[in-house]
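Undergrad:
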Amino acid sequence: MSDARDQPSLVVKTTSGADCPEACNQAFTVAAAAVAAGARVSLWLTGEATWLALPGRAGDVDLAHATPLADLLEVVLAEGQVTVCTQCAVRRGVEPSDLLPGVRVAGAPTFVEETLRPGTQALVY
135 MSDARDQPSL VVKTTSGADC PEACNQAFTV AAAAVAAGAR VSLWLTGEAT
185 WLALPGRAGD VDLAHATPLA DLLEVVLAEG QVTVCTQCAV RRGVEPSDLL
235 PGVRVAGAPT FVEETLRPGT QALVY
């Protein structure tokens, strides 16, 4: 039986939030689909996507014919890792205590470390 550590890894980074709902929703959809497929997933929220890590904010992004962002985020939080960029949070006055449970704050060194792991695929939206 294979262990979760043997599964493929996917790092998805989105800089888009409510300002560009289609790109944002695509990133969340891919991350949630990868979780459902059994991949280890790390979703990075940077730029305007930072706001989506605050309670209730994912519900602000509405896109016709798409799974609600809040539902997709719930899937990724349940089985994957969600990270907010350190600098992006600071620029927006977002404190770690403001974030949804399970969301961490980390910077570029952590992003680079994750993306350089053998067998990892990175996608940026």
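Positions in the sequence shown are counted from 1; adding 134 to them yields my numbering.
We treat Cβ as the ideally placed atom computed from N, Cα and C, and that holds for glycine.
Here the structure is a predicted model, which is why all the values come from computation and not from measurement.
1. Considering Cα atoms alone, identify which of Leu-144, Val-258, Phe-162 is closest to Ala-192.
2. Determine the direct distance from the alpha carbon of Glu-247 to that of Cys-158, and round the result to whole angstroms.
3. Give the single residue among Cys-219, Ala-256, Leu-186 whose Cα lies nearest to the Cα of Gly-241.
4. So which of Pro-155, Ala-187, Val-239 has the shortest CA-CA distance to His-199?
5. Does DSSP put Ser-176 in a helix, in a strand, or in coil?
6. What are the boundary residues of the alpha helix (DSSP H) that Cys-222 is part of?
7. Where do the ends of the beta strand (DSSP E) carrying Ala-161 lie?
TA: In short, the structure shows the following:
1. Checked all of Leu-144, Val-258, Phe-162; the closest Cα to Ala-192 is Phe-162.
2. 23 Å
3. From the listed residues Cys-219, Ala-256, Leu-186, the smallest Cα separation to Gly-241 is found for Cys-219.
4. Pro-155
5. The three-state reading of DSSP puts Ser-176 in strand, counting E and B together.
6. 220–225
7. Run containing Ala-161: none in the beta strand (DSSP E); it sits in the alpha helix (DSSP H), 155–170.
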